[in-house]
Amino acid sequence: MASSSAHVKETLGELNKESFVSLLSKLIGEAKYVQNNPPDLIPEEDRVVKHVLDSLLPYSTTKGGGPLIVNHVTYYQGRGNIIVEYPGTVPGNVLSFVGCHMDVVTANPNDWEFDPFSLSIDGDKLRGRGTTDCLGHVALVTELMKRLGETKPKLKSTVVAVFIANEENSAISGVGVDALVKDGLLNKLKDGPLFWIDTADKQPCVGTGGMIPWKLKVTGKLFHSGLAHKAINPLELAMEALKEIQSRFYRDFPPHPKEQVYGFATPSTMKPTQWSYPGGGINQIPAECTISGDVRLTPFYNVKDVMSKLQEYVDDINENVDKLDSCGPVSKYVLPDENLRGSLTLSFDETMSGVACDLNSRGFHVLCKATEEVVGHVKPYSITGSLPLIRELQDEGFDVQTSGYGLMATYHAKNEYCLLSDMCQGYQVFVRIISQLED
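For the sequence shown, the UniProt record's numbering gives the first residue as 1, with consecutive numbering after it.
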């Protein structure tokens, strides 16, 4: 007979803090070698894989007589993924914890108040690169699967954990979850809720933003700044053109009514974040400059539609550059006598689509109830920060819900840390998700 909800909670109990901290210490000790910033830093996720396998293989069909089915899947030498399955008794009943990634963003030890590449403990704080994002979650979900392997509760649902490579950078593809999906290795997870464990602050994150990185190259005419009437100033053209582009963007992509339903902190935005030019003297109007920035797009708008509109704005400004506002009596963007016109060229880097989780799904309701029971309240939130990969999973038919138990304030930041007490609550949320799905 399958376990009751109460029995599951009792069997899986509390997080084994000593075991968790011991494992996390080993993982943070590998953080230096799993920084992801190609071509300089290509992570060796198998260094993390080794410690996860050391924890789980004694309870696996591979080495220990079960019950865990452990699959180490590698597409790129030294950069593995792990799929761990605790089999349930009812075919087609499944829930999964996915998204715990074994790479980290870079850290410069000179900028930190403590060593980013070894775990240090300050009261409740567990400090080091990856504690919040995402080695803390790797250790947490490993401990959950280990406990299932140790205690062997009879569950209706199969519980699957997927630890992935290559989440922090998309310069190299075909390494992580994208390859697992392409090969059909996660297909069975479509039959139940998929919890992507890579956000923060213990509440369900129900919406993320799309991202469109853009570059606007502006070409003018170089000349002496004392003879400004003979130049086309690309800096002035860039300022005025960007102002016009932003104005049109906010007209065409205003705050969407669903953003309030999902609790987005901001609507869609389009803004510059970098400015560059080739160099020259202070008394020289340069020939060109480039503004770069991004669009952060709530998931109720389509990325391709926005890219098409931005190109439309630029084409129109190029055609009517003489009608654009200028900056003073001799500022101009056309020199008819020389048959010269200032011009804009727009290009895009790799884009990402946002996601709006299904607020009517079983997975969402189970996550909310578990969060409320453990944390004391539930307040789903949305941000226009971007999470790679999950929109693609949703488009493939997965019921994706997202949560996490690190701290948003230390995400990708210097002096990263998480709280042991938060991770203990995260474990309890997982236990309650599993137990609810038994009813």
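Backbone N, C-alpha and C define an ideal beta-carbon position, used for all residues, glycine too.
Cβ-Cβ separation, arginine 251 to tyrosine 313 (assumed contact under 8 Å), whole Å:
Residue numbering aside, residue 313 sits at position 313 when the sequence shown is read from its first letter. Residue numbering aside, residue 251 sits at position 251 when the sequence shown is read from its first letter. Contact doesn't hold; Cβ gap of about 10 Å is too wide.
Assigned secondary structure, lysine 271 (DSSP; H/G/I helix, E/B strand, else coil):
One-based indexing of the sequence shown puts residue 271 at position 271. Residue state, collapsed to three classes: strand.
So the candidates are Pro67, Phe364, Asp315 and Gly293; which of them puts its Cα closest to the Cα of threonine 345?
Along the sequence shown, one-based indexing puts residue 345 at 345. Comparing Cα-Cα distances from threonine 345 to each of Pro67, Phe364, Asp315 and Gly293, the minimum goes to Asp315.
For the beta strand (DSSP E) holding glutamate 438, just list the boundary residues, first then last.
Start at 1 with the first residue of the sequence shown, and residue 438 comes out as number 438. Note, glutamate 438: premise wrong, no beta strand (DSSP E); not H, not E.
Enclosing beta strand (DSSP E) for aspartate 54 [first to last residue]:
Along the sequence shown, read from residue 1 onward, the residue named residue 54 stands at position 54. Per DSSP, aspartate 54 belongs to no beta strand (DSSP E); it is in the alpha helix (DSSP H), 46-56.
DSSP has glutamate 288 in a bridge; who is on the other side?
Mapped onto the sequence shown, residue 288 falls at position 288. Paired residue(s): Thr219.
Given 8 Å, three or more beta-carbon pairs between the stretch 144-160 and the stretch 115-123
no
Closest to cysteine 205 by CA distance: which of Thr402, Thr11 and Leu57 is it?
Counted from its first residue, the sequence shown places residue 205 at position 205. When only C-alpha atoms are compared, the closest one is Thr402.
Since threonine 74 sits in a beta bridge, which residues does DSSP pair it with?
Here the question's residue 74 lines up with position 74 in the sequence shown. Paired residue(s): Gly80.
Can the beta-carbon of residue 441 be found less than 9 Å from the beta-carbon of glycine 65?
Here the chain has residues from 1 to 439 only, and residue 441 is not among them.
How big is the Cα-Cα spacing for lysine 379 and tryptophan 196?
Sequence index remark: in the sequence shown, residue 379 carries index 379 (1-based). Sequence index remark: in the sequence shown, residue 196 carries index 196 (1-based). Distance between the alpha carbons of lysine 379 and tryptophan 196 is about 17 Å.
Test item: CB-CB of threonine 298 and threonine 384 under 9 Å
Counted from its first residue, the sequence shown places residue 298 at position 298. Counted from its first residue, the sequence shown places residue 384 at position 384. Yes, the Cβ-Cβ distance between threonine 298 and threonine 384 is below 9 Å.
For glutamate 18, verify whether its CB is less than 8 Å away from any heavy atom of the ligand COA.
Summarising the ligand content, the structure contains no ligands, and the ligand COA is consequently not present.
Between which residues of its own chain and leucine 41 is the CB-CB distance below 6 Å, once the five residues before and five after are set aside?
Within the sequence shown, the letter at position 41 stands for residue 41. Taken in chain order, the residues that qualify are Gln35.
Boundaries (first-last residue) of the alpha helix (DSSP H) holding isoleucine 121
Translated into positions along the sequence shown, residue 121 becomes position 121. Counting along the chain, isoleucine 121 falls outside any alpha helix (DSSP H), though it belongs to the beta strand (DSSP E) covering 120-122.
Residue from Pro336, Leu420 and Gly263 whose Cα sits closest to the Cα of leucine 359:
As a working note, residue 359 is residue 359 in the sequence shown. Comparing Cα positions, the closest option is Gly263.
Between the CA atoms of serine 225 and glutamate 288 - distance to the nearest angstrom:
To locate residue 288, count along the sequence shown from 1; it is residue 288. To locate residue 225, count along the sequence shown from 1; it is residue 225. Cα to Cα, the separation comes out at about 14 Å.
Per DSSP, what are the beta-bridge partners of histidine 365 in this structure?
The residue labelled residue 365 in the question sits at position 365 within the sequence shown. None, per the DSSP bridge assignment.
Provide the residue span of the beta strand (DSSP E) that contains arginine 127, from first to last.
On the sequence shown, position 127 is the one that residue 127 refers to. Start and end: 125-127.
Is the CB-CB distance between serine 382 and alanine 356 below 9 Å?
Numbered from 1 along the sequence shown, position 382 holds the residue referred to as residue 382. Numbered from 1 along the sequence shown, position 356 holds the residue referred to as residue 356. A contact, by the Cβ cut-off of 9 Å.
Is the stretch 38-52 close to the stretch 178-198, with three or more CB pairs under 8 Å?
no
To the nearest whole angstrom, what separates the beta carbons of proline 267 and glycine 342, a pair I think is in contact under 8 Å?
For the purposes of this step, residue 267 is taken as the residue at position 267 of the sequence shown. For the purposes of this step, residue 342 is taken as the residue at position 342 of the sequence shown. The Cβ separation is near 31 Å, so there is no contact.
Exposure of glycine 13, with buried meaning 16 or more beta-carbon neighbours within 10 Å
For the purposes of this step, residue 13 is identified with residue 13 of the sequence shown, where counting begins at 1. With fewer than 16 Cβ atoms within 10 Å of its Cβ, glycine 13 is classed as exposed.
Roughly how many angstroms lie between the CA atoms of arginine 391 and valine 98, to the nearest whole one?
As a position in the sequence shown, residue 391 is number 391, starting the count at 1. As a position in the sequence shown, residue 98 is number 98, starting the count at 1. Their backbone Cα atoms lie some 14 Å apart in a straight line.
Counting Cβ pairs closer than 8 Å, one from the stretch 209-228 and one from the stretch 407-422, do we hit at least three?
no
Below 9 Å between beta carbons: does that hold for glutamate 167 and cysteine 134?
In the sequence shown, counting from the first residue as 1, residue 167 sits at position 167. In the sequence shown, counting from the first residue as 1, residue 134 sits at position 134. For glutamate 167 and cysteine 134, yes; Cβs fall inside 9 Å.
Output the boundary residues of the alpha helix (DSSP H) element that contains histidine 137.
Walking along the sequence shown from the start, residue 137 turns up at place 137. Its alpha helix (DSSP H) spans residues 135-151.
Selected residue, minimal CA-CA separation from leucine 15, among Asp349, Leu144, Leu242 and Met270
Along the sequence shown, one-based indexing puts residue 15 at 15. Among Asp349, Leu144, Leu242 and Met270, the Cα nearest to that of leucine 15 is on Leu144.
Shortest alpha-carbon distance to threonine 131 belongs to which of Thr269, Ile317, Asn318 and Ile28?
Working through the sequence shown from its first residue, we reach residue 131 at position 131. Answer by Cα proximity: Ile28.
If we count the other Cβ atoms within 10 Å of its Cβ and call it buried at 16 or more, is aspartate 325 buried or exposed?
The count along the sequence shown starts at 1 and reaches residue 325 at position 325. Under this definition aspartate 325 is an exposed residue.
Taking the alpha-carbon positions, what's the residue 440 to asparagine 320 distance?
Residue coverage of the chain in this structure runs from 1 to 439, which leaves residue 440 outside it and unanswerable.
Among all the DSSP beta bridges, which residues are the ones paired with phenylalanine 20?
Taking the first residue of the sequence shown as 1, we reach residue 20 at position 20. According to DSSP, phenylalanine 20 bridges with nothing at all.
Alpha helix (DSSP H) segment containing phenylalanine 114, residue limits:
Residue 114 sits at position 114 when you count from the first residue of the sequence shown. Careful: phenylalanine 114 lies outside any alpha helix (DSSP H) and carries neither H nor E.
Going by DSSP, which residues form a beta bridge with serine 96?
Here residue 96 refers to the residue found at position 96 of the sequence shown. According to DSSP, which records beta bridges pairwise, serine 96 is partnered with Val160 and Leu194.
Could you tell me if residue 447 is buried or exposed, where buried requires 16 or more neighbouring beta carbons within 10 angstroms of its beta carbon?
Here the chain comprises residues numbered 1 to 439, so residue 447 is not present and cannot be evaluated.
For my contact list, glycine 88 and serine 157 are in at a C-beta cut-off of 8 Å; report their separation, rounded to the angstrom.
Counting from 1 along the sequence shown, the entry for residue 88 is found at position 88. Counting from 1 along the sequence shown, the entry for residue 157 is found at position 157. Contact flag correct, Cβ pair sits at about 4 Å.
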